[in-house]
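Read the structure below first, then the notes.
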Ligand SMILES: *Cc1c(COP(=O)(O)O)cnc(C)c1O
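In this note's numbering, the protein residues as written are 157 to 923.
Below is the structure:
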């Protein structure tokens, strides 16, 4: 395969650019490698008869494609060697090669699932949208977040394979558009499995209205094209918040209708009856974003001549639903009128589903209120999903418990058997093998087999917990990773860091429940304590924070601004900056996660207990040997259960305590009764960090004092105590890296290989 692959690269370069490997521009080389990869992949055998699982997701946050694609095919090393001989390198693709069609955890999960399913030989295909502009690029200007479009297609889409033959039409109330699929091959890791990601692009049926142009209305002649393009133009940059825009609903309908048409066509063309659909496909809905697929499938089946009841029954065997959040502001509901305006035919089907539900509830003598799909003028997507889907799952044990007892309790009462837990996971191929090859090599050497193949074997590493040579080696590998990260941060942020420091990191979307504000307040406390002499010294530590805020989320953007102001002042203070640094890493994304995580000593996972469904960066850090400084929330609980509380740093209220507190919590008294809390919080508005010309952060201050919805002030003292303990424990380097080793050794359950295996066994291919 290798020779063929290299031949294809040369051929693509010759045919498309009239160049060879030496003379090609980086984008030309990139493009040709993508084309050669696709040519190799298309030769893999496809089993047309097997039942396939389809992952419907509005987001796929993949990141760089080239290395992981070549890695899985076993071509990575050979390609790098071949390129090096020609004076070239895959690292030339640093500034492009990034498929960022997702916001954060939810989209990255979809990408991890695709990699894992293919690698453990499970037929899983992804379906989504080929956004013209992905997740926005963040810059920091005068301490504030600025957003720029992610114009990823500017550099060519090397891996996308346009399939005009499979284009379908999608009908909205007053327009019909074309959905053109682009295929991205998903190879399993050295196993001959070839799955696919299918992303749809919206296009006009007719790009250009000749008659209108002829009349002289030149711009109007293109208006059908512009109107259609708009649908797949932009990824909504919201995480854990409902967008509620017409265009968003159009996007959801656009890709799910197109995917279902393609899936149905394949099924019917193979000569099978529509009644046998559940034997050939199962569809996993990644949150409620693709839930409109349920009425759409029913509509399409009715169009084939079946009754509503039959169609409903088939749909009930095809769909499974994953819930990702308990935050009320993220539960999707659509204005009924808006729905009617965009997709009236689908709305009619939803009404029929709702009537059927009302009838069933009446038979059962249940009061309909909390179940209804259509109520108070809105369509409730989670109720639609829970009613029709045959499986409803949460994404970590605590999260599933909360949706059962609270968020979706009414449905749990009615259909207890539908509910199940599938704790999230991350792919060790991207998040360990590719992002930390030295660590991977060490582990593989110690356990005398590849830790990538069978990740469960990583447990054998625990035998080396007291091997001082191994612990020292872990330190050396971390040190090299820190040096690399320092170079990267110098290049991107123009801040010089020292690899001798302890690296303490919080990287994730900015949201109040994730409490980046609590993080910076703890740093401020440490800073002020060093200044006042209350703390004599600490092990030199750099606090790294990376986060994008949704452009419309005002307070989140103000928190970013505050962090940048504080970082600038603290880094400039010569009295403390040999012990304390703060860096805000701009434009946090998958590629920069791959550099930050292997260089981190302490992973900050500090959401208010009960709010983070699972978290997945906690797992990436664990696999790379960072210890967790975190709350009893999401998958942190399972991480600590596996790796031992003594090897991590847990603080703060438990979920039941949060519930008790919520009735009586008084942030003002926390502020007034603890002088350290008060001292840190007061820096939001006093002159500690603010120059005369700088606006005080009254809005953040007030949000803490008036409400403090996520109990930052309540958890702050315990958080500071555990953080200082973790930093001080670093003095005993070997005992610190012993903790790191035990975390790595116990991370196998947090591989998405395990997660996807469970989805396959319990949901997709059960029985
Ligand atoms: C893993 C990942 C996330 C999810 O992080 P959480 O801490 O689980 O919220 C978000 N963004 C990127 C780029 C990631 O790689």
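Positions of the beta carbon are idealized from the N, C-alpha and C atoms, including for glycine.
Contact test: residue i Cβ vs ligand 1 heavy atom, cutoff 7 Å
| i | result |
| --- | --- |
| residue 796 | no |
| residue 232 | no |
| residue 217 | yes |
| residue 776 | yes |
| residue 261 | yes |
| residue 444 | no |
| residue 272 | no |
| residue 911 | no |
| residue 669 | no |
| residue 773 | yes |
| residue 744 | yes |
| residue 665 | yes |
| residue 749 | yes |
| residue 264 | yes |
Strand pairing of residue i, partner residues [DSSP]
| i | result |
| --- | --- |
| residue 907 | 582 |
| residue 219 | 255 |
| residue 341 | 352 |
| residue 660 | 699, 758 |
| residue 490 | 535 |
| residue 209 | 280, 438 |
| residue 590 | Note: residue 590 sits in no beta bridge, so no partner. |
| residue 325 | 334 |
| residue 318 | 338 |
| residue 478 | 442, 549 |
| residue 575 | 548 |
Residues near residue i in its chain [Cβ-Cβ closer than 7 Å; skip 5 each side]
| i | result |
| --- | --- |
| residue 826 | 833, 869, 870 |
| residue 594 | 633, 636 |
| residue 221 | 253, 255, 315 |
| residue 444 | 488, 537, 538, 541 |
| residue 348 | 200 |
| residue 627 | 890, 893, 894, 897 |
| residue 612 | 904 |
| residue 874 | 807, 808 |
Residue i burial status per 10 Å Cβ neighbour count (16 or more: buried)
| i | result |
| --- | --- |
| residue 158 | exposed |
| residue 536 | buried |
| residue 484 | exposed |
| residue 515 | exposed |
| residue 519 | exposed |
| residue 622 | exposed |
| residue 190 | buried |
| residue 184 | buried |
| residue 384 | buried |
Contacting residues, own chain, Cβ-Cβ under 8 Å from residue i (five flanking each side not counted)
| i | result |
| --- | --- |
| residue 644 | 748, 751 |
| residue 630 | 595, 598, 781, 893, 896, 897 |
| residue 416 | 449, 452, 453, 456 |
| residue 789 | 554, 761, 763, 764, 765, 766, 767, 768, 771, 811 |
| residue 517 | 523, 524, 527 |
Contacts around residue i, its chain only, beta-carbon distance under 6 Å, and the 5 residues preceding and following it disregarded
| i | result |
| --- | --- |
| residue 308 | 290 |
| residue 513 | 543 |
| residue 218 | 255, 267 |
| residue 235 | 226 |
| residue 840 | 853, 856, 857 |
| residue 740 | 701, 719, 720, 723 |
| residue 337 | 319, 322, 354, 356 |
| residue 299 | 717, 720, 721 |
| residue 910 | 581 |
Within the region 774-852, ranges of the beta strand (DSSP E) (whole runs, at least 3 residues): If we require 3 residues or more, the beta strand (DSSP E) runs fully inside the region 774-852 come out as 783-786.
Ordered list of beta strand (DSSP E) runs contained in the region 353-414, each at least 3 residues: Within the region 353-414, no complete beta strand (DSSP E) run reaches 3 residues.
Ranges of the alpha helix (DSSP H) found wholly within the region 690-749, counting only runs of at least 4: Complete alpha helix (DSSP H) runs here, min 4: 710-728.
Start-end ranges of the alpha helix (DSSP H) lying completely within the region 496-565, minimum 4 residues: Given a length threshold of 4 residues, each whole run of the alpha helix (DSSP H) inside the region 496-565 is given here in chain order: 500-519, 537-544, 553-558.
Contained beta strand (DSSP E) runs [length at least 3] in the region 271-305, N- to C-terminal order: Segments of the beta strand (DSSP E) lying fully in the region 271-305: 280-285, 290-297.
Alpha helix (DSSP H) segments (min. 4 residues) lying fully within the region 421-469: If you keep only unbroken alpha helix (DSSP H) runs of at least 4 residues inside the region 421-469, you get 433-436, 449-459.
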